[in-house]
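The opening residue of the sequence shown carries number 1 in this note's numbering; numbering runs sequentially from there.
Even for Gly, the Cβ is constructed at its ideal location relative to N, Cα and C.
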Amino acid sequence: MLPSQVHPTILEQLSASSDLFSNEPAIYSEGGQVLSHTEVYDLVMRLGARLRAIGISRGDRVAICMSNGFGMSKAVLAVSAFADAVPMNPDYTEAEMMDYFRTVGASCVIVESGFSDLSSVRAANRLGIPDYRFRELEQSSKRLNIHTDLDPSGPTDTALTLLTSGSTGLPKIVPLSHLNICRSVYEINQSLDLSASDLCLCMWQQFHIGGLVDLLLAPLYRGGAVMVCQRFDAGQFFSLMDQWKPTWFQAVPAVFKDILIEAKRRNITKPFPSLRLLRSVAAKLDTEARRKLEEVFGVVVVQTYGMTEASPLVTSTSLCGSDPVDSLGKSMGTEIAVFADLERATSPRVTGAIAIRGENVFKGYENDPEANRVSFVDDWFLTGDLGWLDEEGRLYLTGRSKDLVNRGGEKINSHEVEIALLRLEEIEEAAVFPILHPSLGEDIATAIVLKKGTEFDETEAKETLKRSLSPFKIPSLIKVVDSMPLNAVGKVDKINLREITEKEREERKKSTGALKNDAEQRISKIWAGELGSSEVPSDVPLVHLGGDSLSALRIFLAIEEEFGLRLPNNLVSEDVTVERIGALIETCREDAAPIPKLERDGPQFISDYQLRGIEAVVGMTGIPRSDKSNVVCVTNSSGSKTPLVWLTNSPNPELLRFSDHLNKEQPLYGLYSGGKLFGYGDEASQPPLADFYAQELRSVFPDGGFVLGGNCRGARLAIEIATRLMNTKSQPLAICSMEFASHKLEELGLPTLLLCAKWSGHKAYRFLGWQENAWREHFPDRPQVVWIEGSHAGIFRDDTISSLASSLEVFLAGGEVPGSIRSFPGKVILLIHRVPFGFKIARRIYNWTSQKKLGPILTNPISSKPKNR
């Protein structure tokens, strides 16, 4: 029997699911771990007891700074049931963390296990806030007796506190009660007709309301299950869909467009019979993308309207797909009104400010009376969106009234970005505003006024901004103006700036957008095919048409093939236009010879198209090529140190930054892992590419003498290459694997360095489902394991790359990297440090390991006497 009522609290929902669905699967990890509904409830109760034991009381605010996945799911369920959970993006900078901890008044911080120098931990230490490692909390909770007087949170207590962009630059605090969330969980289940047979694939960030309510609590309500991933990857999406056979998937429009591109690359049509719906949230999905999704996958695409303040669901289109294409569907219980000039509209099709109220809607922003004054009319919450309702109660949006940019579902506060811009010495004034983007919905544009006598370098400015802003907050368009337009009250008129910018783009399309010759027509056709557009103007940059670095590369290769000409590598750019390429082709056509067949010695493991793609990407770096191979770039080739061969997913700018931070006597050879050109999730591309690179490295290093390494996909490929070079003259001296681990590393028998990003949440073990420090079980020879600064995608940032470079320099010199985890021969090491009765603990562990036949044990008493005792 399916539940049909709104539970008063999260804990009571989990308890009911435990009673009704007991041993049925509830949460899966990528590595194959699974918790049943009963195990979820029992775990939450034990963790609740542990929270009480460390002094966390009902209503205390607990910041959770963890990566998406199994651990984060357990942490947020437990904390929200017994305290006030504040999930945060673990990739925030230390400065951002400090601001947010102060803003919410965090009592403590829960972080990933095994880390001591995260940005969240540093921020907590500077503020004097206690920090706890989640795995330690989980392990210690197993020893506690569960009793009934844990005082769990009640219906009106805050379960989740989330942050949303505020007009002052600091975020606004959105407290959501258990009743808010449980009402939304119920309405989501009603809108999707979820049941115990449903399995949701979650590749969404769990510090967002969608990852917490839509994709964690809602799937569990009626006995269904959720498979939680650490991040979204288009290639991995198809692999997981095939492996796990989920029944539904939710994403923002930008993610769905990536999926469509990958589906086209793989030539996939209607591949998953288990799938019954796709759900698009956070921004409007355009009609063409929706049509293509339904055509490719053969299922209905449900569109929703929601927000953090509504916990989050407000409206949803129907499962039968009968709603008008521009509609966002009907309310699932939330009351919706339209206010025109502060008066509530009483008839349909009146455009005005959209307002909502109901059990799922929060009561107001915390400690922000001014925001509440302008956001509420009586008990109606003004969402900041403009639109209208039809006669059937369906919602249609026409625009926004708030000073926010909704970039692919990420809500970015304009003022926060403006503050960061004004820290740049050359900028006098800055105004940030949204512009339309074909795939993201909106993108970030900036108008700036320069100080007198200064010059502006946009590339350098964006690199500087990355030190204080998360990547998704960096403006895509920066426009220099003489002065800012002002409105009647003397404020910067951002509506006018947006209108001027959009008008300029439209005028450019009309005035010079017409294709002038045969070359531009042929180029435009290639662009249209890649971008899924019917018309491509000649002078609009690729990025403004929805393109990215990957589509730029594919377009570049297709144009070379179409015209039979070798083009300069600098044309692989998001800022390139049809007009620019057309002019180049027209001017060089007479002088340029047709593309010769690529000269290739030995077996041809990869296609000419793939080889040219690699050459183009490597050429974009500006780093000189090896004289022995056109696909290997090299810096400091005459350096005296042991050469390092590094496989990277993004040679430009990763290799350039890497080179800048390494010793000038350090030779660095760069190889491109193939990245999205070969498909991140496409395992079939690995062996031929490894064969090809092994062949190239035999030419460059006929006598070996180098260290091989790489990050993520590049690390996986480096391991494959090493297996092909073993027992040959070109065998590498050692191997470094960053953010990836494989059983093949053990088989190589080479000196090994595992580099793991502190903020990535054990990415290195994700592919095998290993637990923390499980490398001890897989590597008898004990590699060095080093935690370096940064997140999985942020290691090569200017403020984190020095950690990587310094660790590698020590390893390349044959030394022990400071701070590395390195054990002595044997299966278990116990470090006794300021622990009373430490030797008794050692004896017990020794006896246990002897019974389990785990081999010898070494106790290393660093300090057996506690200080101050």
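Open item on the list: With H, G and I counted as helix, E and B as strand and the rest as coil, what does DSSP make of His7?
Closed with: Residue mapping note: residue 7 aligns to position 7 of the sequence shown, counting from 1. Reduced to three states, the DSSP call for His7 is coil.
Open item on the list: With a threshold of 8 Å on Cβ separation, who are the neighbours of Ala592 within its own chain once the five nearest residues in sequence on each side are excluded?
Closed with: Taking the sequence shown and counting its residues from 1, one reaches residue 592 at position 592. Per-residue confidence for Ala592 stands at a pLDDT of 47, beneath the threshold of 50, marking its modelled position as unreliable; the derived number appears in the next sentence. If we look at Ala592 and ignore the five residues flanking it on each side, its Cβ neighbours are Leu565, Arg566.
Task: Limits of the unbroken alpha helix (DSSP H) element including Glu425 - done: Mapped onto the sequence shown, residue 425 falls at position 425. Glu425 -> no alpha helix (DSSP H), and no H or E assigned at all.
Open item on the list: Once the 5 residues before and after Gly393 are set aside, which same chain residues still bring their CB inside 8 Å of it?
Closed with: On the sequence shown, residue 393 is found 393 positions in, with the first residue counted as 1. Taken in chain order, the residues that qualify are Lys330, Ser331, Ile336.
Open item on the list: Would Val302 and Tyr186 qualify as a contact pair, given that the criterion is a beta-carbon distance under 8 Å?
Closed with: The residue you call residue 302 lines up with position 302 of the sequence shown. The residue you call residue 186 lines up with position 186 of the sequence shown. It is not a contact, given that the beta carbons lie outside the stated cut-off.
- [ ] Would you list, in sequence order, the uninterrupted alpha helix (DSSP H) runs of no fewer than 4 residues that lie entirely inside the region 286-317?
- [x] 287-297
TODO: Consult DSSP for Gly564 and reduce its assignment to one of helix, strand or coil.
DONE: The sequence position of residue 564 within the sequence shown is 564, counting from 1. If DSSP states are grouped into helix, strand and coil, Gly564 belongs with coil.
- [ ] Kindly confirm or deny that the region 282-300 and the region 351-362 touch, where touching means at least three C-beta pairs closer than 8 Å.
- [x] no
Task: Cα-Cα separation, Ile872 to Pro702 - done: Not covered by the structure: residue 872. The range shown for the chain is 1 to 869.
TODO: Just mark Cys320 as buried or exposed, buried being the case when its beta carbon has 16 or more other beta carbons within 10 Å.
DONE: The residue labelled residue 320 in the question sits at position 320 within the sequence shown. Classification for Cys320: exposed.
- [ ] Have a look at Leu382 and Gly364 and give me their C-alpha separation to the nearest angstrom.
- [x] Locating residue 382 in the sequence shown gives position 382, where the first residue counts as 1. Locating residue 364 in the sequence shown gives position 364, where the first residue counts as 1. A straight line joining the alpha-carbon of Leu382 with that of Gly364 spans about 11 Å.
TODO: Could you have a look at Tyr365 and say whether DSSP puts it in helix, strand or coil?
DONE: To locate residue 365, count along the sequence shown from 1; it is residue 365. If DSSP states are grouped into helix, strand and coil, Tyr365 belongs with coil.
Task: Cβ-based neighbour list, Ser673, same chain, cut-off 6 Å, excluding 5 preceding and 5 following - done: In the sequence shown, counting from the first residue as 1, residue 673 sits at position 673. Taken in chain order, the residues that qualify are Leu647, Asn649, Arg713, Gly714, Leu717.
TODO: Closer than 6 Å by C-beta to Pro130: which residues in its own chain qualify, once you throw out the five before and the five after it? Chain order, please.
DONE: Along the sequence shown, one-based indexing puts residue 130 at 130. So the list reads Cys108, once near-sequence residues are dropped.
TODO: Identify the continuous beta strand (DSSP E) that holds Ile788 and give its terminal residues.
DONE: Locating residue 788 in the sequence shown gives position 788, where the first residue counts as 1. Counting along the chain, the beta strand (DSSP E) containing Ile788 begins and ends at 784-788.
Task: Within 8 Å, strictly: CB atoms of Ala81 and Met98 - done: Along the sequence shown, read from residue 1 onward, the residue named residue 81 stands at position 81. Along the sequence shown, read from residue 1 onward, the residue named residue 98 stands at position 98. Contact: no.
Open item on the list: Out of Ile555, Asp518, Phe70, Leu422, which one is the CA nearest neighbour of Glu530?
Closed with: For the purposes of this step, residue 530 is taken as the residue at position 530 of the sequence shown. The shortest Cα separation from Glu530 among Ile555, Asp518, Phe70, Leu422 belongs to Ile555.
TODO: Using three-state DSSP, classify His437 as helix, strand or coil.
DONE: Position 437 of the sequence shown holds residue 437. Three-state DSSP puts His437 in a strand.
Task: Close beta carbons around Glu586, own chain, < 6 Å, minus the five adjacent residues each side - done: The residue you call residue 586 lines up with position 586 of the sequence shown. Correct list, in chain order: Ala519.
Task: Cβ shell of Leu220 (< 6 Å), same chain only, five flanking positions each side left out - done: Here the question's residue 220 lines up with position 220 in the sequence shown. The residues are Ser17, Ala26.
TODO: Could you tell me the distance, in whole angstroms, from the CA atom of Phe362 to the CA atom of Gln666?
DONE: Residue numbering aside, residue 362 sits at position 362 when the sequence shown is read from its first letter. Residue numbering aside, residue 666 sits at position 666 when the sequence shown is read from its first letter. Going by the C-alpha atoms only, they are around 57 Å apart.
Task: Counterpart residues of Trp248 in DSSP-defined beta bridges - done: Indexing the sequence shown from 1 puts residue 248 at position 248. Answer is Cys200, Leu277, bridged to Trp248.
Task: Element boundaries [beta strand (DSSP E), containing Cys65] - done: By one-based count along the sequence shown, residue 65 stands at place 65. Here the beta strand (DSSP E) through Cys65 covers 61-65.
TODO: Determine the extent of the beta strand (DSSP E) in which Tyr132 is found, giving its start and end residues.
DONE: Looking up residue 132 in the sequence shown gives position 132. That run of the beta strand (DSSP E) goes 131-133.
TODO: Note down the Cα distance separating Pro541 from Val576, rounded to an integer number of angstroms.
DONE: Against the sequence shown, residue 541 aligns to sequence position 541. Against the sequence shown, residue 576 aligns to sequence position 576. Straight-line Cα distance between these residues: approximately 5 Å.
TODO: Please report how far the alpha carbon of Ala53 lies from the alpha carbon of Ala83, in whole angstroms.
DONE: Working through the sequence shown from its first residue, we reach residue 53 at position 53. Working through the sequence shown from its first residue, we reach residue 83 at position 83. Cα to Cα, the separation comes out at about 13 Å.
TODO: Look up Phe376 in the DSSP assignment and give the residues it is bridged to.
DONE: Stepping through the sequence shown from its first residue, residue 376 is reached at position 376. Per DSSP, Phe381.
Open item on the list: Would the region 42-62 count as touching the region 200-218 if we require 3 or more Cβ pairs under 8 Å?
Closed with: no
Open item on the list: So, under 8 Å CB-CB, Leu160 and Leu212 are touching, yes? Tell me the CB distance rounded to an integer number of Å.
Closed with: Translated into the one-based positions of the sequence shown, residue 160 becomes position 160. Translated into the one-based positions of the sequence shown, residue 212 becomes position 212. Correct: roughly 6 Å between the Cβ atoms.
Open item on the list: Pop quiz: Thr351 and Leu386 are said to be a contact at Cβ under 8 Å. What is the actual Cβ separation, rounded to whole angstroms?
Closed with: Position 351 of the sequence shown, counting from 1, holds the residue named residue 351. Position 386 of the sequence shown, counting from 1, holds the residue named residue 386. The Cβ separation is near 6 Å, so the contact holds.
Task: Short Cβ contact (8 Å threshold) for Val631 with Glu696 - done: The residue labelled residue 631 in the question sits at position 631 within the sequence shown. The residue labelled residue 696 in the question sits at position 696 within the sequence shown. For Val631 and Glu696, yes; Cβs fall inside 8 Å.
Task: Whole-Å CB distance - Ser141 paired with Arg46, under 8 Å assumed - done: Along the sequence shown, one-based indexing puts residue 141 at 141. Along the sequence shown, one-based indexing puts residue 46 at 46. 4 Å between Cβ atoms; contact.
Task: Residue span of the beta strand (DSSP E) that contains Arg407, given as start and end - done: One-based indexing of the sequence shown puts residue 407 at position 407. 404-407 is the extent of the beta strand (DSSP E) around Arg407.
- [ ] Please say whether Asn180 and Ser311 have beta carbons closer to each other than 8 Å?
- [x] Along the sequence shown, read from residue 1 onward, the residue named residue 311 stands at position 311. Along the sequence shown, read from residue 1 onward, the residue named residue 180 stands at position 180. Yes, Cβ-Cβ distance for Ser311 and Asn180 is below 8 Å.
- [ ] Please go through the same chain and pick out, in chain order, the residues whose beta-carbon is closer than 8 Å to the beta-carbon of Asp242, but skip the five residues on each side of it.
- [x] Along the sequence shown, read from residue 1 onward, the residue named residue 242 stands at position 242. Answer for Asp242: Pro271, Phe272, listed in chain order.
Task: Start-to-end residues for the alpha helix (DSSP H) that takes in Thr38 - done: As a first step, residue 38 is located in the sequence shown; it is residue number 38 there, counting from the start. That run of the alpha helix (DSSP H) goes 37-53.
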